[in-house]
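Residue numbers (the numbering used here): 642 to 700.
For every residue, glycine included, the Cβ atom is placed at its ideal position computed from N, Cα and C.
Below is one structure, written out as structure tokens; the observations come after it.
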């Protein structure tokens, strides 16, 4: 498995997750919107298989 900093999609996924959490904590994002954004991000990340020869096959 490659390090996390060598995969652009993993870096973007983590940055999106952190920004969404920060937005909820400072009151810019409602809890219902947080759930929607987090669900969409996780669904995309785990549905996008990329190369299927690797375990967990997420990009």
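Between residue 660 and the set 684, 678 and 685, the nearest pair of CA atoms involves 678. If you check the CB distance, residue 665 and residue 672 come in under 8 Å. By the C-beta density criterion, residue 687 is exposed, having fewer than 16 other C-beta atoms within 10 angstroms. The Cβ atoms of residue 684 and residue 654 lie no closer than 8 Å to each other.
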